[in-house]
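Written below as structure tokens is the structure these notes are about.
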Amino acid sequence: MFQQDGRPKTGADAKFKEHLHQKSAQELRAELDMIFEEEARTGVNADPALVAEYFTAIETIEPDDNVQIPGDFETSWAIFQKNHPELFPKKETKTRKRTLQPFRLVEAAVLVGVLLVFSASAFRWPDYLVRWGQGKLHLIPTSGVMELAEPNEEGFTSMEDALAAIGADDLSIPTWIPEELEIQTISVQVTPAFSQAVALYTAEDSNVVLRISHYHDEGDMPDASFEMNEGEDPSVYIKNEVEHILIHNFEQLQAIWISGNDYCSISGNISTKEMKRMIDSIYGG
Amino acid sequence: MKKMISAFLAVVMLCGSLTCSAVEPRASRYFSILTAVITPQGGNKMAVSYSVTATGSMTKLGAYSIRLEEEVGNDNWITSTTVYGSKNPSFYAYDTVSHAGSYTFTGIPGVKYRAVLVAYASNSSGSEYSNEIVSSGKVCR
Chain A
5 MFQQDGRPKT GADAKFKEHL HQKSAQELRA ELDMIFEEEA RTGVNADPAL
55 VAEYFTAIET IEPDDNVQIP GDFETSWAIF QKNHPELFPK KETKTRKRTL
105 QPFRLVEAAV LVGVLLVFSA SAFRWPDYLV RWGQGKLHLI PTSGVMELAE
155 PNEEGFTSME DALAAIGADD LSIPTWIPEE LEIQTISVQV TPAFSQAVAL
205 YTAEDSNVVL RISHYHDEGD MPDASFEMNE GEDPSVYIKN EVEHILIHNF
255 EQLQAIWISG NDYCSISGNI STKEMKRMID SIYGG
Chain B
711 MKKMISAFLA VVMLCGSLTC SAVEPRASRY FSILTAVITP QGGNKMAVSY
761 SVTATGSMTK LGAYSIRLEE EVGNDNWITS TTVYGSKNPS FYAYDTVSHA
811 GSYTFTGIPG VKYRAVLVAY ASNSSGSEYS NEIVSSGKVC R
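From first to last, the protein sequence lines stand for chains A and B. For the numbering used here, add 4 to where a residue sits in the first sequence, where the first one is 1. For the numbering used here, add 710 to where a residue sits in the second sequence, where the first one is 1.
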């Protein structure tokens, strides 16, 4: 049926085309493979027109993006390579090692060192969330619950809501409280001289009160009295250029500071470290 | 031994920094911060506003009494009247950690008044009356 170059013998074109139409795509591929094998064995190139006839027939039977009608040598060669991978063993590719730049190595070493030092000093890791962002390690203390699950009778879920109600929504307040605490109540009280928002955060054996008194007139800021233990002088904790007075009243610690027309205080059964952390959180620390 | 200090925040604001000075030593298991201010409202009216913040939730919290004083000489004060929480239910709040309230009275124009607050708190452990909290003096107008 075929000449040596794979072409059908003269006068047999019609029969050849009929042959192509009677075969399945799989059978045609098998025959095409035989042609290519013969080509490789004898060194005689197969007739491109014949090959094209096979591809056309296969494409007609089974349209496939992977089967292309060769229009030029490059296309045919690519198809041939794809269909006969065993004839073209892949070159061994070298594995690419990912190397750290020197400054990254230094960063990593410092990080490991910091972690070791903190661990050795009984640092309370559960108090912190470790986050990686913008190429830096961030230690973020985990906070207690500062928002009610549902609005209370006054419609407040957080101290921010209460501050908005008394016109002190520009005031920054702590965004962190000790992890064991959970907000219990939020209330607002109004007097002729000031409006006051108070939040109570409680735990099993401790509580913290955050109180903000927003004075309508700066000249009405009061002479405030607060309780403190004898023998202890008030200490001042300066953060963000604001003086925060720290005093002990029995086992409770109080912080008092002024921001504009707002007279602010935190009091509760918390440590000085926790109080300072609360104060720091006011200023994004 | 106990000790209580007052922070003269009005002066502080003028000075631009927060300071405090000792007046009457005392610590409390009931009270944490107490304030009292008096403000002229116009029309001969004066308002006393106070705030009582406790160390925890109290079954009863507020103003036991407010004594009104007027100045009759240089820093010489005499009592004009005293009002009590027992006669003014709004002076107290219940089951709360903080309470703020006020009392308005008619004064004499040109006379300087001040208020003296005594707070009260009670819970399941007991009760306590605070020391006297004295407001700054303001002239009635």
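Backbone N, C-alpha and C fix where the C-beta goes; we use that ideal spot for every residue, glycine too. Predicted model, so just to flag it, every value in this text is computed and none were measured.
| Query | Result |
| --- | --- |
| Residue environment, L167(A), which counts as buried when at least 16 other CB atoms sit within 10 Å | buried |
| Beta-carbon contacts of T189(A) that lie in its chain and below 6 Å, excluding the five residues immediately before and after | L204 |
| Beta-carbon proximity check, S742(B) vs N253(A), cutoff 7 Å | yes |
| Bridge partners - V203(A), DSSP secondary structure assignment | First, the residue type needs correcting, since residue 203(A) is Ala and not Val in the sequence shown. In the DSSP output, where bridge partners are listed per residue, A203(A) has I190(A) and L214(A). |
| 7 Å Cβ cut-off: residues of chain A touching R739(B) | F254 |
| C-beta contact flag for I62(A) and A29(A) at 7 Å | yes |
| As assigned by DSSP and simplified to three states, the class of T60(A) | helix |
| Terminal residues of the alpha helix (DSSP H) in which S147(A) lies | Here S147(A) belongs to no alpha helix (DSSP H), and DSSP marks it neither H nor E. |
| Through-space distance from G753(B) to S239(A), alpha-carbon basis | 43 Å |
| Chain B residues whose Cβ lies nearer than 9 Å to that of S162(A) | Within 9 Å Cβ-Cβ: nothing; S162(A) doesn't reach chain B, min ~17 Å. |
| Under 7 Å from the C-beta of S658(B): neighbouring residues of chain A | With chain B represented from 711 up to 851, any question about residue 658(B) goes unanswered, as that position is not in the structure. |
| Close beta carbons around F815(B), own chain, < 7 Å, minus the five adjacent residues each side | M756 and L778 |
| For F254(A), the three-state DSSP class (helix, strand or coil) | coil |
| 7 Å Cβ cutoff met for V192(A) and A169(A) | yes |
| Chain A contact residues for T806(B), given Cβ-Cβ distances below 8 Å | T189 and S191 |
| Counted within 10 angstroms of its Cβ, other Cβ atoms place D244(A) as buried (16 or more) or exposed | One point to set straight first is that residue 244(A) is Asn, not Asp, in the sequence displayed. Exposed, since its Cβ has fewer than 16 Cβ neighbours within 10 Å. |
| Whether A803(B) touches G836(B) by CB criterion (7 Å) | no |
| Positions along the region 787-813 of chain B whose CB lies within less than 8 Å of some CB in chain A | T806, V807, S808, H809, A810, G811 and S812 |
| Interface flag, L745(B) vs chain A, CB-CB below 7 Å | What sits at residue 745(B) in the sequence shown is Thr, not Leu. Interface residue, yes. |
| Residue-chain proximity (G726(B), chain A), Cβ-Cβ < 7 Å | The predicted position of G726(B) is uncertain, since its pLDDT is 34 and thus under 50; a value taken from the coordinates is nonetheless stated next. By this cut-off, G726(B) is not an interface position. |
| P819(B), DSSP secondary structure in three states | coil |
| Where the beta strand (DSSP E) through S790(B) begins and ends | N786 to Y794 |
| Partner residues on chain B for T1(A), Cβ-Cβ distance less than 7 Å | The requested residue 1(A) does not occur in the structure, where chain A is confined to residues 5 to 289. |
| Own chain partners of K848(B) with C-beta closer than 8 Å, once the 5 adjacent residues on each side are dropped | I748, T749, P750, M756, K822, Y823 and R824 |
| Under 7 Å between C-beta atoms of S675(B) and V828(B) | Any answer about residue 675(B) is impossible in this case: the structure gives chain B only from 711 up to 851. |
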